[in-house]
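Data first, discussion second: the structure below is written as structure tokens.
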Amino acid sequence: MAGIYIHVPFCVSKCHYCDFFKTTNTEMLNGYLDALMEEFLHRKNSFDEKISTLYFGGGTPSLIPLPNYDAIFSRLKKLYQFIPDAEITIEANPDDLSSDYLMGLREIGFNRISIGIQSFHDDDLKRMGRRHTGQQAMQSVMAASDAGFNNISLDLIYGLSWSGTDKFVENLKMLKDLPFQHLSAYHLTIEQGTNFYKQQRKGKLREMDEDESLKQYLLLCEFAQNLGMEHYEVSNFCLPGYISRHNSSYWDGTPYIGFGPGSHSFYGSSRYWNQSDLLSYIGKKFDLVREQELLTSVNKFNELIMLGLRTKRGIDMSLVTTYFQNHFNAIMQKWVDNKFLYQEGSFLKCSEKGWFIVDAIIEDFFVDADL
Numbered sequence: 001m002a003g004i005y006i007h008v009p010f011c012v013s014k015c016h017y018c019d020f021f022k023t024t025n026t027e028m029l030n031g032y033l034d035a036l037m038e039e040f041l042h043r044k045n046s047f048d049e050k051i052s053t054l055y056f057g058g059g060t061p062s063l064i065p066l067p068n069y070d071a072i073f074s075r076l077k078k079l080y081q082f083i084p085d086a087e088i089t090i091e092a093n094p095d096d097l098s099s100d101y102l103m104g105l106r107e108i109g110f111n112r113i114s115i116g117i118q119s120f121h122d123d124d125l126k127r128m129g130r131r132h133t134g135q136q137a138m139q140s141v142m143a144a145s146d147a148g149f150n151n152i153s154l155d156l157i158y159g160l161s162w163s164g165t166d167k168f169v170e171n172l173k174m175l176k177d178l179p180f181q182h183l184s185a186y187h188l189t190i191e192q193g194t195n196f197y198k199q200q201r202k203g204k205l206r207e208m209d210e211d212e213s214l215k216q217y218l219l220l221c222e223f224a225q226n227l228g229m230e231h232y233e234v235s236n237f238c239l240p241g242y243i244s245r246h247n248s249s250y251w252d253g254t255p256y257i258g259f260g261p262g263s264h265s266f267y268g269s270s271r272y273w274n275q276s277d278l279l280s281y282i283g284k285k286f287d288l289v290r291e292q293e294l295l296t297s298v299n300k301f302n303e304l305i306m307l308g309l310r311t312k313r314g315i316d317m318s319l320v321t322t323y324f325q326n327h328f329n330a331i332m333q334k335w336v337d338n339k340f341l342y343q344e345g346s347f348l349k350c351s352e353k354g355w356f357i358v359d360a361i362i363e364d365f366f367v368d369a370d371l
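Numbering of the sequence shown is given in UniProt numbering, commencing with residue 1 and proceeding in unit increments.
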């Protein structure tokens, strides 16, 4: 089994926190779509796995008109073999989701939607550079449910330094009455090259202090638990049976192929990626913009750590090779003693408080690539 990821690098405007590859030049959309259809054919002979998940991310996939999605699905299903119950997801912005568009997505074959709510507070949305309002966010979720989506994921951002924890709690309360099955909640990070990074450099924005961030994180975990959701990955929660199968494939080593500029692929012993170069992509210079990395034993160890500690399943310690065993055991014991990690059978897992600082734990385990 394998997954397909399609990167749609178009946005009407740029959110102030986002560092993903994207452009606001939507006049290039038709050229991109033409190249995308060609890339499907170009990659066909390099990938023959059955497809269990298809994910459109961005950017803003909900900018693509329905007839184009119809053509994309037709081409993909002719070239690749999909299993009958494949999970097919689209990322969407609330202000793009009319009832007609949502029903059209369902008719074409989408069975999962991920809606970028981020907040229900208009002032926070404006500060983040989001185009929608809190009211539109609420309406979009209801409209998706009414259109027949019964696998709805919502994105939420916490850790907004200018916005208090009381407002974050209000966001959680407003979520409670909405029909959704999956929640992805991310702490705001200020990435280089973003609008927020420029604001931070000018002293107009700071990151939330760690104690307040932890408070919001624990409130989030408690909220999800009270709804009966499983905390299956550091930033992801779901009702029973609604794990994101596509995202899980990244964490468990399932092969996947990426299409579009800036997309990544993994199969065999290599990772591949298309450069973030829209003009070359539209020129259909697919092999010129594609790069490859052959995974070394150090790469594989670091990925075992990085992917394993982010999930509820944890790290299968039997997969740690003898070469790295002494290093692994020494680092592990330090974090276990401080109750950030714990062992369960042959697996090493993060505690709830460990997940809050998981990036620091992962970095501590990492082996220098030059070794």
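Quick reminder that beta carbons are idealized off the backbone N, C-alpha and C, glycines included.
One or two residues paired with residue i in a DSSP bridge
i: D155; result: S184
i: G58; result: V8
i: R112; result: T89
i: F316; result: Here residue 316 turns out to be Asp, not Phe, going by the sequence shown. BP columns for D316 point to F347.
i: R310; result: None, per the DSSP bridge assignment.
i: F82; result: I51
i: Q118; result: L156
i: G258; result: Y5
i: R290; result: N274
i: S265; result: Y272
i: Y232; result: Note: Y232 sits in no beta bridge, so no partner.
i: C238; result: H182 and E230
i: T23; result: F10
i: Y32; result: Answer is none; Y32 lacks a bridge partner.
i: L341; result: C350
Contact check, residue i vs residue j, beta carbons under 8 Å
i: L309; j: I361; result: yes
i: E91; j: G134; result: no
i: I152; j: P179; result: yes
i: V141; j: P61; result: no
i: I108; j: L41; result: no
i: Q136; j: P84; result: no
i: Q181; j: L227; result: no
i: F21; j: G193; result: no
i: S114; j: D155; result: yes
i: K176; j: H231; result: no
i: F340; j: I315; result: no
i: residue 373; j: L188; result: Residue 373 is absent from the structure shown; the chain starts at 1 and stops at 371.
i: I19; j: E191; result: The residue you asked about is not Ile; residue 19 is Asp in the sequence shown. Yes, the pair counts as a contact, with Cβ atoms nearer than the cut-off.
i: Q275; j: V289; result: yes
i: S99; j: A143; result: yes
i: L304; j: F223; result: no
i: Q216; j: T165; result: yes
i: V169; j: L218; result: no
Sequence-distant residues of its chain with Cβ nearer than 7 Å to residue i (five each side left out)
i: Y342; result: V336, K349 and S351
i: S13; result: T24, G129 and R131
i: L79; result: F40, L41 and K44
i: S235; result: S184, A185 and Y186
i: I243; result: Y232
i: F324; result: F301 and V367
i: M332; result: L341 and L348
i: M103; result: A147
i: S249; result: G3, T53 and Y256
Contacting residues, own chain, Cβ-Cβ under 6 Å from residue i (five flanking each side not counted)
i: E291; result: W273
i: A71; result: none
i: K284; result: A35 and E38
i: K167; result: H121
i: Y267; result: P255
i: residue 374; result: Shown here, the chain extends from 1 to 371; a query on residue 374 therefore has no answer.
i: L295; result: S269
i: Y69; result: I108
i: L214; result: F356
i: L29; result: F10
i: Q200; result: I190
i: G116; result: N93 and D155
i: H264; result: G258 and W273
i: F286; result: E39 and H42
i: F328; result: V320
i: M174; result: F120
i: F110; result: I88 and I90
i: M1; result: K50 and S52
Cβ-Cβ separation, residue j to residue i (assumed contact under 8 Å), whole Å
i: R245; j: T53; result: 5 Å
i: F106; j: A147; result: For clarity, residue 106 is Arg in the given sequence; the question names Phe instead. Yes, R106 and A147 are in contact; Cβ-Cβ is about 6 Å, under 8 Å.
i: S280; j: S318; result: Contact flag wrong, Cβ pair sits at about 43 Å.
Neighbourhood of residue i by C-beta distance below 8 Å, restricted to the same chain and skipping five residues each side
i: Y101; result: S62 and L66
i: K204; result: none
| request: Count the CB pairs spanning the stretch 208 to 216 and the stretch 161 to 169 that are closer than 8 Å, and state whether there are at least three. | output: yes
| Validate contact between the stretch 253 to 270 and the stretch 41 to 50 using beta carbons, cut 8 Å, 3 pairs | yes
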